[in-house]
Amino acid sequence: MEKVQGEMEIERWERSEEISDAEKKVIQETWSRVYANCEDIGVSILIRFFVNFPSAKQYFSQFKHMEDPLEMERSLQLRKHARRVMGAINTVVENLNDSEKVSSVLALVGKAHALKHKVEPVYFKKLTGVMLEVIAEEYANDFTPEAHGAWTKMRTLIYTHVTAAYKEVGWAQYPTATL
Ligand code: HEM
Numbered sequence: 001m002e003k004v005q006g007e008m009e010i011e012r013w014e015r016s017e018e019i020s021d022a023e024k025k026v027i028q029e030t031w032s033r034v035y036a037n038c039e040d041i042g043v044s045i046l047i048r049f050f051v052n053f054p055s056a057k058q059y060f061s062q063f064k065h066m067e068d069p070l071e072m073e074r075s076l077q078l079r080k081h082a083r084r085v086m087g088a089i090n091t092v093v094e095n096l097n098d099s100e101k102v103s104s105v106l107a108l109v110g111k112a113h114a115l116k117h118k119v120e121p122v123y124f125k126k127l128t129g130v131m132l133e134v135i136a137e138e139y140a141n142d143f144t145p146e147a148h149g150a151w152t153k154m155r156t157l158i159y160t161h162v163t164a165a166y167k168e169v170g171w172a173q174y175p176t177a178t179l
């Protein structure tokens, strides 16, 4: 059967950006520490994301006009999204050896954000960049150059799958899969 463009892009990514077993282990180890602080880290990531990229707030009815990070921190909608983001990433990290599960979780995220929330896909690039930044700062001791390399691949994995889903549902301006 003919492959759709998204599938071809994922295959290309799988060849060029494959995460080795050692890198998967590094990702899982760092993540277990991050996830132990899931709520705090998730909220820190999202607050920094909205402070650095205020236009990203437009999609959130309850805090689109908020400027003050302390006020954002109290927003239940922000906290809920933080939990959901961290939960989805946790599922990906836990299933790094099951590429079908990884694809299906991220395809679901991509499709919902394209069709239901109408989020420009470029924000996924920005959010995953902030995520790496915050993890690297908070867990500086664990964030060796090796961990950094592994997490950069993880970021590409998320972005590639999400953008493939956007293409699959016919998002008007096709995002490029490169970071
Ligand atoms: C790795 C990145 C992300 C993950 C894993 C993620 C995950 C999720 C999940 C699991 C949900 C709830 C289920 C659903 O309605 O789809 C959700 C809702 C939502 N997401 Fe994301 N998301 C991510 C990035 C983003 C970005 C970058 C934006 C916008 C800038 C965004 C905006 C929204 C909005 C507006 C909702 C609905 C919120 C509500 O109903 O209160 N998400 N997200």
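Here the sequence shown stands for residues 1 to 179, numbered as in my numbering.
Positions of the beta carbon are idealized from the N, C-alpha and C atoms, including for glycine.
Owing to the predicted nature of the structure, the values given are computational and were not obtained by experimental measurement.
Whose C-beta lies closer than 6 angstroms to the C-beta of residue i among residues of the same chain, with five residues either side of it excluded?
| i | result |
| --- | --- |
| residue 86 | 38 and 42 |
| residue 131 | 45 |
| residue 6 | 164, 167 and 168 |
Assuming residue i and residue j make a contact with CB atoms under 8 angstroms, what is their CB distance in whole Å?
| i | j | result |
| --- | --- | --- |
| residue 134 | residue 48 | 6 angstroms |
| residue 215 | residue 159 | Nothing can be reported for residue 215: it is not among the residues displayed for the chain, which extend from 1 to 179. |
| residue 128 | residue 84 | Their Cβ separation, rounded to whole angstroms, is 15 angstroms, which puts residue 128 and residue 84 out of contact at 8 angstroms. |
Quick one: is the Cβ of residue i within less than 8 angstroms of any heavy atom of the ligand HEM?
| i | result |
| --- | --- |
| residue 157 | no |
| residue 59 | yes |
| residue 128 | yes |
| residue 166 | no |
| residue 114 | no |
| residue 107 | no |
| residue 80 | yes |
| residue 48 | no |
| residue 74 | no |
| residue 117 | yes |
| residue 88 | yes |
| residue 123 | yes |
What is the DSSP secondary structure of residue i, reduced to helix, strand or coil?
| i | result |
| --- | --- |
| residue 157 | helix |
| residue 35 | helix |
| residue 151 | helix |
| residue 7 | helix |
| residue 170 | coil |
| residue 182 | Residue 182 lies beyond the range of the chain shown here (1 to 179); nothing can be said about it. |
| residue 68 | coil |
| residue 28 | helix |
| residue 162 | helix |
Can you list, in chain order, the residues of its chain whose CB lies under 7 angstroms from that of residue i, leaving out five sequence neighbours each side?
| i | result |
| --- | --- |
| residue 169 | 111, 114 and 115 |
| residue 1 | Note that residue 1 has pLDDT 49, beneath the 50 cutoff, so the model's placement of it is unreliable and no number is given. |
Provide the residue span of the alpha helix (DSSP H) that contains residue i, from first to last.
| i | result |
| --- | --- |
| residue 46 | 38-52 |
| residue 133 | 122-138 |
| residue 101 | 99-111 |
| residue 183 | What is shown of the chain runs 1 to 179, which leaves residue 183 out entirely. |
Taking only beta-carbon positions, decide if residue i is within less than 9 angstroms of chain B.
| i | result |
| --- | --- |
| residue 97 | Looking at the structure shown, chain B is missing, and only one protein chain is on hand. |
Got a sec? Which residues, its chain only, sit under 8 angstroms from residue i by beta carbon, not counting five neighbours each side?
| i | result |
| --- | --- |
| residue 149 | 23 |
| residue 117 | 59 |
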